[in-house]
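Here the structure comes first, spelled out in C-alpha coordinates, and everything after it is commentary.
Residue numbers (my numbering): 5 to 492.
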(Lines of atoms letter the chains of each structure in order from A; the text may use other names.)
(Lines give C-alpha, C1' and ligand atoms only; values in the text may rest on other atoms or scores of the structure.)
Protein backbone atom coordinates (compact mmCIF):
# COMPACT_ATOMS: atom_id res chain seq x y z
CA UNK A 5 0.00 0.00 0.00
CA UNK A 6 1.35 3.43 -0.92
CA UNK A 7 2.30 5.99 1.74
CA UNK A 8 0.05 8.96 0.87
CA UNK A 9 1.91 11.19 3.31
CA UNK A 10 4.67 11.52 0.73
CA UNK A 11 2.20 13.29 -1.57
CA UNK A 12 1.01 15.90 0.94
CA UNK A 13 2.45 19.40 1.41
CA UNK A 14 1.29 22.23 3.71
CA UNK A 15 -0.19 25.49 2.45
CA UNK A 16 3.10 27.36 2.90
CA UNK A 17 4.89 25.08 0.42
CA UNK A 18 6.61 26.67 -2.59
CA UNK A 19 6.97 25.49 -6.17
CA UNK A 20 10.37 24.00 -5.40
CA UNK A 21 8.78 21.76 -2.72
CA UNK A 22 6.18 20.56 -5.24
CA UNK A 23 8.86 19.73 -7.79
CA UNK A 24 10.87 17.83 -5.21
CA UNK A 25 7.89 15.59 -4.40
CA UNK A 26 6.96 15.08 -8.06
CA UNK A 27 10.54 14.27 -8.96
CA UNK A 28 10.69 11.62 -6.21
CA UNK A 29 8.01 9.58 -7.99
CA UNK A 30 4.75 10.50 -6.30
CA UNK A 31 2.52 9.13 -9.09
CA UNK A 32 2.53 12.62 -10.59
CA UNK A 33 0.36 14.40 -8.02
CA UNK A 34 0.82 16.56 -4.90
CA UNK A 35 -1.94 17.57 -2.44
CA UNK A 36 -1.85 20.94 -0.68
CA UNK A 37 -3.62 20.79 2.71
CA UNK A 38 -4.57 23.27 5.44
CA UNK A 39 -3.70 23.00 9.14
CA UNK A 40 -6.59 20.57 9.68
CA UNK A 41 -5.44 18.29 6.86
CA UNK A 42 -8.24 19.21 4.46
CA UNK A 43 -7.17 19.22 0.81
CA UNK A 44 -7.23 22.76 -0.57
CA UNK A 45 -5.80 22.01 -4.01
CA UNK A 46 -3.72 19.67 -6.12
CA UNK A 47 -0.60 19.97 -8.23
CA UNK A 48 0.52 17.93 -11.26
CA UNK A 49 3.49 18.48 -13.54
CA UNK A 50 1.11 20.17 -15.97
CA UNK A 51 0.19 22.69 -13.26
CA UNK A 52 3.89 23.41 -12.78
CA UNK A 53 4.29 24.16 -16.49
CA UNK A 54 1.29 26.47 -16.45
CA UNK A 55 2.68 28.23 -13.39
CA UNK A 56 5.96 28.90 -15.19
CA UNK A 57 4.13 30.36 -18.16
CA UNK A 58 2.44 32.76 -15.73
CA UNK A 59 5.80 33.88 -14.36
CA UNK A 60 6.24 31.65 -11.30
CA UNK A 61 9.68 30.80 -9.94
CA UNK A 62 11.07 28.26 -7.46
CA UNK A 63 10.15 30.30 -4.39
CA UNK A 64 6.62 31.18 -5.54
CA UNK A 65 3.88 30.00 -3.13
CA UNK A 66 2.33 26.78 -4.37
CA UNK A 67 -1.14 27.84 -3.20
CA UNK A 68 -1.14 30.65 -5.79
CA UNK A 69 -0.91 28.15 -8.66
CA UNK A 70 -2.60 24.95 -7.45
CA UNK A 71 -5.84 23.55 -8.89
CA UNK A 72 -8.52 24.58 -6.41
CA UNK A 73 -11.30 22.94 -8.40
CA UNK A 74 -10.60 19.25 -8.90
CA UNK A 75 -12.54 16.02 -9.28
CA UNK A 76 -12.63 13.87 -6.13
CA UNK A 77 -14.66 11.08 -4.56
CA UNK A 78 -15.78 10.38 -1.02
CA UNK A 79 -14.45 7.39 0.89
CA UNK A 80 -16.68 4.35 1.18
CA UNK A 81 -18.11 4.42 -2.34
CA UNK A 82 -18.02 1.37 -4.63
CA UNK A 83 -14.76 0.98 -6.51
CA UNK A 84 -16.67 1.15 -9.79
CA UNK A 85 -17.65 4.71 -8.92
CA UNK A 86 -14.01 5.64 -8.58
CA UNK A 87 -13.09 3.95 -11.86
CA UNK A 88 -15.80 5.82 -13.74
CA UNK A 89 -14.27 9.16 -12.76
CA UNK A 90 -10.83 8.39 -14.22
CA UNK A 91 -10.21 9.41 -17.83
CA UNK A 92 -7.26 10.39 -20.02
CA UNK A 93 -7.67 13.95 -18.76
CA UNK A 94 -8.56 13.12 -15.13
CA UNK A 95 -5.66 10.80 -14.28
CA UNK A 96 -5.66 11.19 -10.48
CA UNK A 97 -8.64 10.82 -8.15
CA UNK A 98 -8.33 11.97 -4.51
CA UNK A 99 -10.44 9.95 -2.05
CA UNK A 100 -11.55 12.26 0.78
CA UNK A 101 -13.37 11.78 4.05
CA UNK A 102 -16.34 13.89 5.16
CA UNK A 103 -13.96 16.59 6.43
CA UNK A 104 -12.06 16.85 3.14
CA UNK A 105 -8.99 15.03 4.43
CA UNK A 106 -7.08 12.73 2.10
CA UNK A 107 -7.78 9.05 2.75
CA UNK A 108 -6.25 7.66 -0.43
CA UNK A 109 -5.91 8.45 -4.12
CA UNK A 110 -6.13 6.43 -7.28
CA UNK A 111 -3.95 7.12 -10.32
CA UNK A 112 -4.53 5.83 -13.81
CA UNK A 113 -0.91 4.67 -13.90
CA UNK A 114 -1.65 2.27 -11.03
CA UNK A 115 -4.55 0.70 -12.89
CA UNK A 116 -3.25 0.79 -16.45
CA UNK A 117 -0.09 -1.21 -16.98
CA UNK A 118 1.24 -1.63 -20.49
CA UNK A 119 3.70 -4.55 -20.64
CA UNK A 120 6.53 -4.55 -23.14
CA UNK A 121 5.13 -7.71 -24.70
CA UNK A 122 2.31 -10.17 -24.26
CA UNK A 123 1.00 -12.97 -26.51
CA UNK A 124 -2.33 -13.04 -28.29
CA UNK A 125 -4.07 -16.43 -28.24
CA UNK A 126 -7.30 -15.65 -30.06
CA UNK A 127 -7.32 -18.24 -32.84
CA UNK A 128 -7.56 -22.04 -32.89
CA UNK A 129 -5.08 -22.56 -30.05
CA UNK A 130 -7.61 -23.98 -27.58
CA UNK A 131 -9.29 -26.10 -30.25
CA UNK A 132 -6.04 -27.73 -31.35
CA UNK A 133 -4.70 -28.25 -27.83
CA UNK A 134 -8.02 -29.81 -26.82
CA UNK A 135 -7.69 -32.18 -29.76
CA UNK A 136 -4.21 -33.20 -28.53
CA UNK A 137 -5.59 -33.96 -25.08
CA UNK A 138 -8.67 -35.76 -26.40
CA UNK A 139 -6.52 -38.03 -28.57
CA UNK A 140 -3.76 -38.47 -25.94
CA UNK A 141 -1.05 -37.14 -28.30
CA UNK A 142 0.58 -34.65 -25.95
CA UNK A 143 4.33 -35.42 -26.15
CA UNK A 144 6.69 -35.03 -29.12
CA UNK A 145 4.89 -37.66 -31.20
CA UNK A 146 1.83 -36.37 -33.00
CA UNK A 147 0.47 -34.94 -36.21
CA UNK A 148 0.65 -31.31 -35.12
CA UNK A 149 4.46 -31.44 -34.95
CA UNK A 150 4.74 -32.63 -38.54
CA UNK A 151 2.04 -30.27 -39.80
CA UNK A 152 3.62 -27.29 -38.05
CA UNK A 153 7.01 -28.09 -39.57
CA UNK A 154 5.54 -28.45 -43.05
CA UNK A 155 3.54 -25.23 -42.88
CA UNK A 156 6.39 -23.25 -41.36
CA UNK A 157 8.81 -24.36 -44.09
CA UNK A 158 6.34 -23.06 -46.65
CA UNK A 159 5.94 -19.77 -44.75
CA UNK A 160 9.71 -19.28 -44.50
CA UNK A 161 10.39 -20.30 -48.14
CA UNK A 162 12.65 -23.15 -47.03
CA UNK A 163 12.71 -26.78 -48.14
CA UNK A 164 12.89 -28.18 -44.63
CA UNK A 165 11.87 -27.12 -41.13
CA UNK A 166 12.58 -28.83 -37.82
CA UNK A 167 10.87 -28.04 -34.53
CA UNK A 168 13.00 -27.70 -31.39
CA UNK A 169 12.48 -27.05 -27.70
CA UNK A 170 13.64 -23.41 -28.05
CA UNK A 171 15.77 -21.17 -30.26
CA UNK A 172 18.95 -21.77 -28.28
CA UNK A 173 18.75 -25.49 -28.98
CA UNK A 174 17.92 -24.66 -32.60
CA UNK A 175 21.15 -22.65 -32.86
CA UNK A 176 23.10 -25.44 -31.17
CA UNK A 177 21.76 -28.08 -33.55
CA UNK A 178 22.33 -25.87 -36.60
CA UNK A 179 25.97 -25.30 -35.66
CA UNK A 180 26.52 -29.02 -35.16
CA UNK A 181 24.62 -29.81 -38.35
CA UNK A 182 27.11 -27.74 -40.32
CA UNK A 183 30.17 -29.19 -38.65
CA UNK A 184 31.05 -26.56 -36.04
CA UNK A 185 32.91 -28.03 -33.07
CA UNK A 186 35.88 -27.76 -30.70
CA UNK A 187 38.71 -25.57 -31.94
CA UNK A 188 36.45 -23.59 -34.27
CA UNK A 189 35.55 -19.91 -34.04
CA UNK A 190 32.15 -18.43 -34.84
CA UNK A 191 31.56 -14.74 -35.54
CA UNK A 192 28.61 -13.34 -33.59
CA UNK A 193 27.44 -9.74 -33.16
CA UNK A 194 28.40 -8.07 -29.90
CA UNK A 195 24.89 -6.54 -29.73
CA UNK A 196 22.59 -9.50 -29.17
CA UNK A 197 21.02 -11.65 -26.48
CA UNK A 198 23.47 -14.02 -24.77
CA UNK A 199 21.85 -17.16 -26.23
CA UNK A 200 23.59 -16.56 -29.56
CA UNK A 201 27.03 -16.87 -27.97
CA UNK A 202 25.93 -19.57 -25.53
CA UNK A 203 24.96 -21.86 -28.39
CA UNK A 204 28.45 -21.50 -29.88
CA UNK A 205 30.00 -22.52 -26.56
CA UNK A 206 27.59 -25.46 -26.23
CA UNK A 207 28.90 -26.64 -29.61
CA UNK A 208 32.45 -26.59 -28.22
CA UNK A 209 33.51 -23.61 -30.33
CA UNK A 210 34.58 -20.08 -29.39
CA UNK A 211 32.38 -17.04 -30.07
CA UNK A 212 34.21 -14.05 -31.54
CA UNK A 213 32.36 -10.82 -30.85
CA UNK A 214 32.09 -8.45 -33.80
CA UNK A 215 30.70 -4.92 -33.67
CA UNK A 216 27.49 -3.90 -35.41
CA UNK A 217 26.81 -1.18 -37.95
CA UNK A 218 25.27 2.08 -36.68
CA UNK A 219 23.20 2.11 -39.89
CA UNK A 220 21.33 -1.13 -39.12
CA UNK A 221 22.32 -2.15 -35.56
CA UNK A 222 23.20 -5.54 -37.06
CA UNK A 223 26.46 -7.36 -37.85
CA UNK A 224 28.94 -5.15 -39.70
CA UNK A 225 30.31 -7.07 -42.74
CA UNK A 226 33.57 -5.09 -42.78
CA UNK A 227 34.21 -5.83 -39.10
CA UNK A 228 33.52 -9.51 -39.87
CA UNK A 229 36.12 -9.44 -42.63
CA UNK A 230 38.68 -8.15 -40.14
CA UNK A 231 37.76 -10.82 -37.56
CA UNK A 232 38.19 -13.91 -39.77
CA UNK A 233 41.07 -16.23 -38.86
CA UNK A 234 42.09 -19.71 -40.06
CA UNK A 235 39.92 -21.11 -37.22
CA UNK A 236 36.72 -19.32 -38.29
CA UNK A 237 34.06 -21.87 -39.23
CA UNK A 238 30.76 -19.96 -39.23
CA UNK A 239 28.97 -16.63 -38.97
CA UNK A 240 25.74 -16.02 -37.04
CA UNK A 241 24.02 -12.87 -38.31
CA UNK A 242 21.33 -11.76 -35.83
CA UNK A 243 18.38 -9.89 -37.34
CA UNK A 244 18.19 -7.60 -34.33
CA UNK A 245 14.88 -6.10 -33.15
CA UNK A 246 13.26 -7.23 -36.39
CA UNK A 247 15.68 -5.55 -38.84
CA UNK A 248 17.45 -7.95 -41.24
CA UNK A 249 21.23 -7.98 -41.56
CA UNK A 250 22.89 -6.89 -44.77
CA UNK A 251 23.15 -10.47 -45.97
CA UNK A 252 24.73 -10.21 -49.46
CA UNK A 253 28.19 -9.07 -48.29
CA UNK A 254 28.06 -11.56 -45.43
CA UNK A 255 27.18 -14.42 -47.79
CA UNK A 256 29.94 -13.35 -50.20
CA UNK A 257 32.41 -13.30 -47.32
CA UNK A 258 31.25 -16.72 -46.13
CA UNK A 259 31.53 -18.31 -49.56
CA UNK A 260 35.00 -16.85 -50.09
CA UNK A 261 36.25 -18.38 -46.85
CA UNK A 262 34.14 -21.56 -46.80
CA UNK A 263 32.06 -20.56 -43.77
CA UNK A 264 28.59 -21.68 -42.73
CA UNK A 265 25.98 -18.94 -42.18
CA UNK A 266 23.41 -19.60 -39.46
CA UNK A 267 20.79 -16.85 -39.33
CA UNK A 268 19.47 -15.99 -35.87
CA UNK A 269 15.89 -15.01 -36.72
CA UNK A 270 14.57 -15.13 -33.15
CA UNK A 271 13.37 -11.51 -33.30
CA UNK A 272 12.60 -11.22 -36.99
CA UNK A 273 9.99 -13.78 -38.05
CA UNK A 274 8.43 -12.41 -41.25
CA UNK A 275 11.19 -9.92 -42.07
CA UNK A 276 12.67 -9.81 -45.57
CA UNK A 277 16.01 -8.87 -47.07
CA UNK A 278 15.72 -7.64 -50.66
CA UNK A 279 12.47 -9.58 -50.94
CA UNK A 280 13.88 -12.80 -49.48
CA UNK A 281 12.58 -14.24 -46.20
CA UNK A 282 15.04 -14.22 -43.32
CA UNK A 283 15.96 -17.80 -42.51
CA UNK A 284 16.08 -18.76 -46.20
CA UNK A 285 19.23 -16.85 -47.17
CA UNK A 286 21.99 -18.50 -45.12
CA UNK A 287 22.67 -22.19 -44.71
CA UNK A 288 20.12 -22.37 -41.89
CA UNK A 289 17.75 -20.10 -40.00
CA UNK A 290 16.76 -20.38 -36.34
CA UNK A 291 13.50 -19.00 -34.95
CA UNK A 292 12.12 -18.46 -31.45
CA UNK A 293 8.55 -19.00 -30.29
CA UNK A 294 9.03 -17.71 -26.75
CA UNK A 295 5.99 -15.88 -25.40
CA UNK A 296 7.38 -12.43 -26.27
CA UNK A 297 7.92 -13.17 -29.96
CA UNK A 298 5.71 -12.41 -32.99
CA UNK A 299 4.11 -15.85 -32.63
CA UNK A 300 4.50 -18.20 -29.71
CA UNK A 301 4.33 -21.78 -28.54
CA UNK A 302 5.19 -20.72 -24.96
CA UNK A 303 8.71 -22.07 -25.38
CA UNK A 304 9.89 -23.47 -28.66
CA UNK A 305 12.03 -23.01 -31.74
CA UNK A 306 12.43 -23.95 -35.39
CA UNK A 307 15.31 -24.57 -37.78
CA UNK A 308 14.89 -23.93 -41.50
CA UNK A 309 17.31 -25.09 -44.19
CA UNK A 310 17.43 -26.25 -47.77
CA UNK A 311 20.37 -28.59 -47.07
CA UNK A 312 18.92 -32.11 -46.84
CA UNK A 313 22.11 -33.68 -45.46
CA UNK A 314 22.39 -31.12 -42.64
CA UNK A 315 18.70 -31.56 -41.85
CA UNK A 316 19.11 -35.32 -41.38
CA UNK A 317 22.09 -34.72 -39.11
CA UNK A 318 20.10 -32.22 -37.02
CA UNK A 319 17.12 -34.58 -36.77
CA UNK A 320 19.39 -37.36 -35.54
CA UNK A 321 20.98 -35.15 -32.89
CA UNK A 322 17.64 -33.70 -31.77
CA UNK A 323 16.23 -37.16 -30.94
CA UNK A 324 18.94 -38.62 -28.66
CA UNK A 325 21.09 -39.60 -31.67
CA UNK A 326 18.68 -42.49 -32.23
CA UNK A 327 18.54 -44.13 -35.64
CA UNK A 328 15.37 -43.24 -37.57
CA UNK A 329 15.19 -46.80 -38.94
CA UNK A 330 16.37 -48.90 -35.98
CA UNK A 331 14.51 -48.11 -32.79
CA UNK A 332 16.64 -47.62 -29.65
CA UNK A 333 19.85 -47.90 -31.65
CA UNK A 334 21.87 -44.74 -30.95
CA UNK A 335 24.35 -43.81 -33.65
CA UNK A 336 25.79 -40.70 -31.96
CA UNK A 337 25.53 -38.90 -28.62
CA UNK A 338 22.48 -36.73 -29.10
CA UNK A 339 20.06 -34.52 -27.21
CA UNK A 340 16.39 -34.29 -26.35
CA UNK A 341 15.60 -30.99 -28.09
CA UNK A 342 12.10 -31.93 -29.25
CA UNK A 343 8.92 -29.84 -29.27
CA UNK A 344 5.74 -31.37 -27.87
CA UNK A 345 2.59 -31.93 -29.88
CA UNK A 346 0.81 -29.52 -27.51
CA UNK A 347 3.28 -26.76 -28.33
CA UNK A 348 3.11 -27.49 -32.04
CA UNK A 349 -0.69 -27.28 -31.88
CA UNK A 350 -0.41 -23.78 -30.44
CA UNK A 351 2.25 -22.91 -33.02
CA UNK A 352 0.07 -24.03 -35.92
CA UNK A 353 -2.81 -21.91 -34.65
CA UNK A 354 -0.45 -18.94 -34.27
CA UNK A 355 0.96 -19.46 -37.76
CA UNK A 356 -2.57 -19.26 -39.16
CA UNK A 357 -2.73 -15.70 -37.77
CA UNK A 358 0.83 -14.57 -38.52
CA UNK A 359 -0.07 -12.30 -41.44
CA UNK A 360 -2.53 -10.48 -39.20
CA UNK A 361 0.11 -10.20 -36.46
CA UNK A 362 2.68 -8.77 -38.88
CA UNK A 363 0.22 -6.24 -40.31
CA UNK A 364 -0.73 -5.11 -36.81
CA UNK A 365 2.95 -4.70 -35.89
CA UNK A 366 3.50 -2.57 -38.98
CA UNK A 367 0.62 -0.28 -38.01
CA UNK A 368 2.03 -0.13 -34.48
CA UNK A 369 5.48 0.87 -35.78
CA UNK A 370 4.00 3.47 -38.12
CA UNK A 371 2.02 5.03 -35.27
CA UNK A 372 5.03 5.11 -32.96
CA UNK A 373 7.17 6.69 -35.69
CA UNK A 374 4.55 9.33 -36.48
CA UNK A 375 4.09 10.34 -32.84
CA UNK A 376 7.74 10.20 -31.74
CA UNK A 377 9.50 11.52 -34.84
CA UNK A 378 10.62 15.08 -34.31
CA UNK A 379 11.17 14.84 -30.56
CA UNK A 380 14.61 16.31 -30.00
CA UNK A 381 17.00 13.75 -28.56
CA UNK A 382 15.09 10.63 -29.69
CA UNK A 383 16.51 8.61 -32.60
CA UNK A 384 14.26 5.97 -34.13
CA UNK A 385 15.60 2.57 -35.15
CA UNK A 386 17.11 2.91 -38.64
CA UNK A 387 15.61 1.06 -41.57
CA UNK A 388 17.75 0.29 -44.60
CA UNK A 389 16.12 0.76 -48.04
CA UNK A 390 16.61 -2.93 -48.84
CA UNK A 391 14.99 -4.08 -45.58
CA UNK A 392 11.43 -5.08 -44.89
CA UNK A 393 11.77 -5.13 -41.13
CA UNK A 394 9.15 -6.15 -38.63
CA UNK A 395 8.42 -4.46 -35.32
CA UNK A 396 9.47 -6.98 -32.70
CA UNK A 397 10.19 -4.29 -30.11
CA UNK A 398 9.90 -0.64 -31.09
CA UNK A 399 13.31 0.63 -30.00
CA UNK A 400 14.70 4.15 -29.91
CA UNK A 401 17.94 5.79 -28.79
CA UNK A 402 17.91 8.45 -26.08
CA UNK A 403 20.57 10.96 -27.12
CA UNK A 404 22.44 13.58 -25.08
CA UNK A 405 20.06 16.39 -26.05
CA UNK A 406 17.02 14.55 -24.67
CA UNK A 407 16.02 16.12 -21.31
CA UNK A 408 16.34 12.82 -19.43
CA UNK A 409 18.98 10.10 -19.30
CA UNK A 410 17.75 6.78 -20.73
CA UNK A 411 17.35 5.17 -17.29
CA UNK A 412 15.52 8.23 -15.94
CA UNK A 413 13.08 7.99 -18.85
CA UNK A 414 12.47 4.33 -18.03
CA UNK A 415 11.71 5.25 -14.41
CA UNK A 416 9.34 7.97 -15.58
CA UNK A 417 7.50 5.56 -17.88
CA UNK A 418 7.25 2.99 -15.10
CA UNK A 419 5.52 5.56 -12.87
CA UNK A 420 3.16 6.22 -15.77
CA UNK A 421 2.24 2.55 -16.00
CA UNK A 422 4.40 1.86 -19.08
CA UNK A 423 6.88 -1.00 -18.98
CA UNK A 424 10.05 -0.58 -21.03
CA UNK A 425 13.35 -2.38 -21.30
CA UNK A 426 16.92 -1.38 -22.09
CA UNK A 427 18.84 -2.35 -25.20
CA UNK A 428 20.76 -5.62 -24.87
CA UNK A 429 24.05 -5.10 -22.98
CA UNK A 430 26.96 -5.89 -25.32
CA UNK A 431 28.30 -9.41 -24.98
CA UNK A 432 31.84 -8.16 -24.34
CA UNK A 433 30.54 -6.53 -21.12
CA UNK A 434 28.86 -9.66 -19.74
CA UNK A 435 30.64 -11.21 -16.73
CA UNK A 436 30.43 -14.68 -18.24
CA UNK A 437 32.38 -13.51 -21.32
CA UNK A 438 34.86 -11.29 -19.47
CA UNK A 439 38.17 -10.94 -21.24
CA UNK A 440 37.01 -12.56 -24.47
CA UNK A 441 36.80 -9.36 -26.51
CA UNK A 442 37.90 -5.75 -26.56
CA UNK A 443 35.23 -3.04 -26.29
CA UNK A 444 33.02 -2.86 -29.36
CA UNK A 445 32.13 0.86 -29.48
CA UNK A 446 28.90 0.84 -31.51
CA UNK A 447 27.39 -2.00 -29.49
CA UNK A 448 28.36 -0.24 -26.27
CA UNK A 449 26.85 3.06 -27.40
CA UNK A 450 23.58 1.38 -28.40
CA UNK A 451 23.38 -0.46 -25.09
CA UNK A 452 23.72 2.78 -23.13
CA UNK A 453 21.12 4.70 -25.11
CA UNK A 454 18.58 2.15 -26.38
CA UNK A 455 15.10 1.70 -24.91
CA UNK A 456 12.36 -0.61 -26.16
CA UNK A 457 8.72 0.42 -25.84
CA UNK A 458 5.64 -1.84 -25.59
CA UNK A 459 5.08 -3.79 -28.80
CA UNK A 460 2.44 -6.51 -28.57
CA UNK A 461 0.00 -8.18 -30.91
CA UNK A 462 -2.66 -7.02 -28.44
CA UNK A 463 -1.85 -3.28 -28.53
CA UNK A 464 -4.37 -0.78 -29.82
CA UNK A 465 -3.66 2.55 -31.49
CA UNK A 466 -5.00 4.27 -28.37
CA UNK A 467 -2.49 2.43 -26.20
CA UNK A 468 0.39 3.40 -28.48
CA UNK A 469 -0.79 7.01 -28.27
CA UNK A 470 -0.83 6.79 -24.48
CA UNK A 471 2.74 5.48 -24.39
CA UNK A 472 3.89 8.30 -26.69
CA UNK A 473 2.03 10.84 -24.59
CA UNK A 474 3.92 9.59 -21.54
CA UNK A 475 7.21 10.12 -23.40
CA UNK A 476 6.18 13.64 -24.41
CA UNK A 477 5.02 14.41 -20.86
CA UNK A 478 8.49 13.52 -19.58
CA UNK A 479 9.98 16.05 -21.99
CA UNK A 480 7.52 18.79 -20.99
CA UNK A 481 8.06 18.20 -17.28
CA UNK A 482 11.83 18.25 -17.41
CA UNK A 483 11.89 21.25 -19.74
CA UNK A 484 9.80 22.98 -17.09
CA UNK A 485 12.44 22.10 -14.50
CA UNK A 486 15.03 23.72 -16.74
CA UNK A 487 12.96 26.89 -17.07
CA UNK A 488 12.56 27.11 -13.31
CA UNK A 489 16.29 26.77 -12.78
CA UNK A 490 16.89 29.58 -15.28
CA UNK A 491 14.37 31.82 -13.51
CA UNK A 492 15.93 31.04 -10.13
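The beta-carbon is built from N, C-alpha and C at its ideal position, and this holds for glycine as well.
Who are the near neighbours of residue i in its chain, counting only those whose CB is closer than 8 Å to its CB and skipping five residues on each side?
i           : result
residue 32  : 26, 48, 49, 95, 96, 111, 113, 419 and 420
residue 404 : 381
residue 271 : 242, 243, 244, 245, 246, 292, 297, 396 and 397
residue 78  : 99, 100, 101 and 102
residue 157 : 163, 164, 165 and 308
residue 70  : 36, 44, 45, 46, 47 and 51
residue 109 : 8, 11, 31, 33, 35, 96, 97, 98 and 99
residue 299 : 273, 293, 351, 354, 355, 357, 358 and 361
residue 76  : 43, 97, 98, 99 and 100
residue 333 : 326 and 327
Based on the DSSP secondary-structure assignment, which residues constitute the bridge partners of residue i?
i           : result
residue 309 : 164
residue 11  : Per DSSP, none; premise fails for residue 11.
residue 345 : Note: residue 345 sits in no beta bridge, so no partner.
residue 267 : 289
residue 391 : 277
residue 326 : 334
residue 400 : 384 and 455
residue 99  : 77 and 108
residue 18  : 65
residue 43  : 37
residue 302 : 294
residue 340 : 323
residue 71  : 46
Report back the beta-carbon spacing between residue i and residue j to the nearest angstrom; my notes put them in contact at under 8 Å.
i           : j           : result
residue 338 : residue 171 : About 19 Å separates the two Cβ atoms, so there is no contact after all.
residue 401 : residue 430 : That belief does not hold up - the Cβ atoms of residue 401 and residue 430 are roughly 15 Å apart, past 8 Å.
residue 423 : residue 18  : Their Cβ separation, rounded to whole angstroms, is 34 Å, which puts residue 423 and residue 18 out of contact at 8 Å.
residue 472 : residue 408 : About 15 Å; that fails the 8 Å criterion.
residue 153 : residue 167 : 6 Å
residue 373 : residue 220 : At roughly 17 Å, the Cβ-Cβ gap does not stay under 8 Å, so residue 373 and residue 220 are not in contact.
residue 107 : residue 66  : Actually they are not in contact, since the Cβ atoms of residue 107 and residue 66 sit about 22 Å apart, beyond 8 Å.
residue 379 : residue 470 : About 16 Å; that fails the 8 Å criterion.
residue 104 : residue 42  : 4 Å
residue 266 : residue 178 : 5 Å
residue 20  : residue 62  : 4 Å
Within a Cβ cutoff of 7 Å, which residues of the same chain sit near residue i, ignoring the five residues on either side of it in sequence?
i           : result
residue 231 : 191, 212 and 214
residue 208 : 185 and 186
residue 233 : 189
residue 263 : 236, 237, 238 and 239
residue 323 : 338 and 342
residue 133 : 346, 349 and 350
residue 160 : 281, 283, 284, 289 and 308
residue 462 : 122 and 124
residue 142 : 136, 344, 345 and 346
residue 176 : 203, 206 and 207
residue 383 : 400, 401 and 403
residue 425 : 120 and 456
What does a CB cutoff of less than 6 Å around residue i pick up in its chain, not counting 5 residues either side in sequence?
i           : result
residue 72  : 45
residue 453 : 401, 402 and 410
residue 427 : 450, 451 and 454
residue 217 : 224
residue 145 : none
residue 335 : 325 and 327
residue 181 : 314, 317 and 318
residue 253 : 225
Taking only beta-carbon positions, decide if residue i is within less than 9 Å of chain C.
i           : result
residue 354 : In the structure shown, chain C cannot be found, because there is only a single protein chain.
Ignoring anything shorter than 4 residues, give me the alpha helix (DSSP H) runs that lie fully in the region 201-258, in order along the chain.
225-231
Pick out the complete alpha helix (DSSP H) segments inside the region 418-478, 4 residues or longer, and give them in chain order.
445-453
Within the region 115-200, note down every full beta strand (DSSP E) run reaching 3 residues or more, in order along the chain.
164-168 and 189-193
Meets three-Cβ-pair contact criterion under 8 Å: the region 116-134 and the region 427-439:
no
Three or more C-beta pairs closer than 8 Å, one from the region 362-375 and one from the region 389-401: is that the case here?
yes
Does the pairing of the region 77-88 with the region 318-328 give three or more beta-carbon distances under 8 Å?
no
When the Cβ atoms of the region 351-360 are set against those of the region 189-204, are three or more pairs found closer than 8 Å?
no
Between the region 329-344 and the region 189-200, can you find at least three pairs of beta-carbon atoms closer than 8 Å?
no
Three or more beta-carbon pairs under 8 Å between the region 277-292 and the region 132-142, yes or no?
no
Is the region 478-485 touching the region 53-65 in the sense that three or more CB pairs, one from each, lie closer than 8 Å?
yes
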